[in-house]
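Structure record follows, encoded as structure tokens.
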Amino acid sequence: MKILIIEDETELMEVIRQSLEKESFLVESAGDYASALDKIISFDYDCILLDIMLPGGSGLDILQELKNMDKSDNVIIISAKDSLDDKLTGLELGADDYLTKPFHIAELNARIKSVLRRKSFGGKNTVELGNVKLDLDDRTLHINNQPLLLNRKEFDILSYMVVNKNRLVNKTSLAEHVWGDHMDEADDYEFIYSQIKNLRKKLKESQAGIEIQAVYGLGYKLIVL
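Printed below as a string of structure tokens:
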């Protein structure tokens, strides 16, 4: 799962980043309006943590831009402004939650997981497809009630494919979701191929009731067998 932190307080941003990375999230950040706008235009995110007061502009304008682009990124406003008007405006513009500073990091983590479950998995923390059970909180996979060990990237790939089951997922979208903007440093998609190959092998050997099919030249599709 990929999260964007839009926050100009460097210390707070780093505390949030470290906490989320411990939870195995892929985290990117932006410290001002211009860089935040560039991020949301260039990439998609599972969740955006958005401060309202930003150098160079307002976080509410970022929300408006997301709405204009018809992007479905989950947004949690994190702001020192405990104004009812700001809260209502943010929610009307599509924000999913509002957390007033100062807050406990544990509460922020819980809210992020709640938003992700609500939007992507119908409010549940587990997803079952046939004999496959994916636990999003514990980041575990069971097939026929037996645990199957996945590395971090394999789990991120599988959870993204599950969200988009029966849909074609192109290589670029998959790379951006799992590796973030670091994918720009790669010369090719070999790093995706190797992870996908290992994941498909594990699923097949465990007789999983799902399969990740390669669509030549385009990407991948997860189907339920």
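Residues 1 to 225 (the working numbering) make up the sequence shown, in order. We put the CB at the ideal spot given by N, CA and C, even for glycine.
query, result
"Backbone secondary structure at GLU211 - three-state DSSP", "strand"
"Cβ neighbour criterion (16 or more within 10 Å) applied to LEU149", "exposed"
"For HIS253, the first and last residue of its enclosing beta strand (DSSP E)", "Here the chain comprises residues numbered 1 to 225, so residue 253 is not present and cannot be evaluated."
"Continuous alpha helix (DSSP H) stretch holding ASP61: start and end", "59 to 68"
"Within 9 Å, strictly: CB atoms of ASP215 and VAL162", "Contrary to the premise, residue 215 reads as Val rather than Asp in this sequence. Cβ atoms of VAL215 and VAL162: not closer than 9 Å."
"CB contact flag (ILE6, GLY31, <9 Å)", "yes"
"Given LEU225 as reference, the closest of THR140, LYS67, ASN144 and LEU129 once Cα atoms are compared", "LEU129"
"Neighbourhood of SER206 by C-beta distance below 6 Å, restricted to the same chain and skipping five residues each side", "ILE143 and LEU148"
"Cβ pair count under 8 Å reaching 3, the segment 57 to 71 against the segment 38 to 46", "yes"
"Residues bridged to GLN146 [DSSP beta-bridge criterion]", "ILE143"
"Nearest candidate by alpha-carbon position, reference SER79, set SER58, LEU93, GLN18 and GLY94", "SER58"
"Collapsed DSSP secondary structure at ASP96 in the structure displayed", "coil"
"Nearest-angstrom Cβ-Cβ length linking ASN166 and LEU218, presumed shorter than 8 Å", "With a Cβ gap of about 15 Å, ASN166 and LEU218 do not count as contacting."
"C-alpha distance - PRO55 paired with ALA208, whole-angstrom precision", "49 Å"
"Beta-bridge partners of MET53, as assigned by DSSP", "SER58"
"Opening and closing residue of the beta strand (DSSP E) in which LEU225 lies", "Careful: LEU225 lies outside any beta strand (DSSP E) and carries neither H nor E."
"Counterpart residues of LEU26 in DSSP-defined beta bridges", "LYS2"
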